[in-house]
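Sequential numbering of the sequence shown, starting at 6, is according to this note's numbering. Think of the CB as a built atom: it goes at the ideal place given N, C-alpha and C, for glycine as much as any other residue.
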Amino acid sequence: MCLSNLPLKLLIALLCCLKPTLAQDTSYADGEMRIRTAYVEFRQQGLVHKSIAEIQVEIGDGNLLLLTPDGQLHTLEKKDIISVEPTEEVMIPLTSEQIYEQLRAELPANFDIYKTRHFLLVHNTTKIYAEWVGRLFEDLYRRFYNYWGNARGEELAEPRFPLVALVFSDKASYLRFAQDEIGQAAQSMIGYYNLKTNRIITYDMTGVDGLVPPGRRVSSSQVITQILRQPQAERTVSTIIHEAVHQLAYNSGLQVRLADTPTCVSEGMAMFFEAPDRNSRVGWGALGKVNYYNLNLFLKNLPSRKPNSLAELIGDDTQFQSASTAGIAYPESWALTYFLIKVHREKYVSYLAELSELVPLSELSPRERMEMFSKHFGDVQELERNFLKYVQYRVH
Ligand SMILES: [Zn+2]
């Protein structure tokens, strides 16, 4: 589970619900944002930074949403902005090595780096565990891009920034870091994707150290087999994949960071791809498998499900933010996404395309969200009846 929309809610609170306006010479044409580049000097967490940055959105009277070369988004209030000097230069993303150097300043000294083709894992766990996670990420990358390339009839954009994951060796050190970023919510999560920093944060959930007796040399495949034999293996694999799906969706242009995408869409997609594959040597592989963990929860919740509650799921994200309702909203988001992709794939793709044009930090009312949804899928009550029938009687 993750609360990937949490930072958005924090931001909205921080910015007092100021409605965004387009930055001075930002315009939207052909569905693309045109963004101005500037050297911006600003204060953040007691420090002064100066960086070339892309100003994505201007909010209210002088508050800015900035994208910096490390791929991070910064929401700045006017009082924290010292200077803005427009430039004709193009912002060049940092390399993996530059990001690692930047991270070393934030992390204890014992962190190491493991680089795959698209991902940068910064970790203080074993190399074997980091390699296994890296392999899962790359497997997902290939399948995710193939899947959407086929579904859309055009390739997704390559990520602009190195895809960073911080992997802590144990829960205690993960929590020390995560609580600084997201507060107490970290306690209930075993990993999350941070929309602002663009990083995955997680920890070694397998206790892999204990699986290798001291002094004994074992192959990584032996350790992976051991990892996958553990009772928690399935949820471990699902969590790693889930967070990486969020990261890929936001770095490939499929979704827009800090835009008002309904949580049921972003979470539903992550759960659609996370379904484990017991026949795979690394624990995950084929896409579009039934996610039994979520199917069983959905069916268990079904007798007490409120009639016509699909509109609430799409229009209102608050149910994902409390433990009592999130246990209902997450499985239903998986079920809805599974139904839409399996039965209405073209409509789902066109719906995603419209969502990918949303402006960061803009907000849609529940009614606007529903109008957009029904523009693609038609009558919502009829769709809801078909959805419930399909998941109960056609999914096994
Ligand atoms: Zn999530």
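Going along the chain, which residues of its own chain have a beta-carbon closer than 7 Å to the beta-carbon of residue i, five neighbours each way excluded?
i: M274; result: V250, A254, T342
i: G36; result: Below a pLDDT of 50, predicted positions are generally treated as unreliable, and G36, at 33, falls in that range; no measurement from the model is reported.
i: V354; result: A156, R157
i: L292; result: R148, Y152, F278
i: E90; result: A43, Y44
i: V396; result: F303, A340, F344
i: L161; result: Y150, W153, G154, S257, G258, L259
i: Q386; result: N313
i: A34; result: At A34, the pLDDT of 36 sits below 50, so the modelled position is not reliable; the number obtained from the coordinates is stated separately. Contacts found: none.
i: N391; result: none
i: D175; result: Y208, D209
i: Y105; result: I118, L125, V127
i: A238; result: I232, G288
Let me make sure I understand the geometry here. Which of the options has the alpha-carbon closest to that of residue i?
i: R41; options: N68, Q49, T100, M96; result: M96
i: H401; options: F303, I319, A162, N115; result: F303
i: P74; options: A358, H54, D117; result: H54
i: E82; options: L69, E93, S285; result: L69
i: I60; options: D384, L72, S370; result: L72
i: G76; options: S101, H349, G67, E94; result: S101
i: F388; options: Y356, L357, E359, H349; result: Correcting the residue type first, residue 388 is Leu in the shown sequence and not Phe. Of Y356, L357, E359, H349, the residue nearest in Cα terms is H349.
i: N306; options: Y297, T323, G332, R372; result: G332
i: D85; options: Y297, P267, F325, Q50; result: Q50
i: I346; options: H123, Q107, F382; result: F382
i: R122; options: A110, D175, G139, I57; result: G139
i: R372; options: G320, R48, L112, Y356; result: G320
i: E93; options: E351, D66, A58, P267; result: A58
i: M375; options: L393, P267, A110; result: P267
i: P113; options: L318, V127, G188, Q235; result: V127
Between the beta-carbon of residue i and the beta-carbon of residue j, is there less than 9 Å?
i: N203; j: V169; result: yes
i: V62; j: V364; result: yes
i: I195; j: R240; result: yes
i: S257; j: E163; result: yes
i: Y150; j: F173; result: no
i: L141; j: V242; result: yes
i: S327; j: M276; result: no
i: C269; j: A334; result: yes
i: Y78; j: L263; result: According to the sequence displayed, residue 78 carries Leu and not Tyr. The answer is yes: Cβ separation under 9 Å.
i: P98; j: R48; result: no
i: M377; j: L366; result: no
i: Q235; j: T211; result: yes
Return the chain-ordered list of same chain residues with a C-beta closer than 6 Å to the C-beta of residue i, the five sequence neighbours on each side being excluded.
i: I205; result: A170, Y198, E248, Q252
i: S178; result: none
i: I229; result: W137
i: A191; result: L180, A183, Q184
i: L233; result: G288
i: L145; result: I246, A249
i: N299; result: M276, P336, W339
i: F116; result: V127, N129
i: Y356; result: H381
i: T244; result: I195, G196
For residue i, count neighbouring Cβ atoms within 10 angstroms of its own Cβ and tell me buried if that reaches 16, exposed if not.
i: S88; result: exposed
i: E272; result: buried
i: S193; result: exposed
i: T330; result: exposed
i: A280; result: buried
i: P167; result: buried
i: T80; result: buried
i: D265; result: buried
i: D322; result: buried
i: Y134; result: buried
i: L52; result: exposed
i: K394; result: exposed
i: Q324; result: buried
i: Y297; result: exposed
Verify the CB distance criterion: does residue i have a CB-CB separation below 9 Å to chain D?
i: Q397; result: No chain D is present in this structure, which holds just one protein chain.
Quick check: does the Cβ of residue i come within less than 8 Å of any heavy atom belonging to ligand 2?
i: E272; result: Ligand 2 is not part of this structure, which contains only ligand 1.
Between residue i and the rest of its own chain, which residues show a CB-CB distance below 8 Å, the 5 nearest in sequence each way excluded?
i: E186; result: N199, T202, I206
i: V295; result: A280, Y343, V400, H401
i: E143; result: T121, R122, H123, F124
i: A316; result: P371, M375, V385
i: L108; result: F116, V127, V169, L171
*Taking only runs of the alpha helix (DSSP H) that begin and end inside the region 313–342, which ones reach a length of at least 4 residues, in chain order?*
Runs found: 315–320.
*In chain order, which beta strand (DSSP E) runs of at least 3 residues are fully inside the region 91–134?*
As far as the region 91–134 is concerned, its whole beta strand (DSSP E) runs of at least 3 residues are 117–120, 124–128.
*Residue ranges of each alpha helix (DSSP H) run of no fewer than 4 residues wholly in the region 226–303, ordered along the chain?*
Runs of the alpha helix (DSSP H) lying entirely within the region 226–303, each at least 4 residues long, are 238–256, 268–279 in chain order.
*Would you list, in sequence order, the uninterrupted alpha helix (DSSP H) runs of no fewer than 4 residues that lie entirely inside the region 130–172?*
132–157, all fully within the region 130–172.
*Inside the region 44–68 only - beta strand (DSSP E) runs reaching at least 3 residues*: Segments of the beta strand (DSSP E) lying fully in the region 44–68: 52–64.
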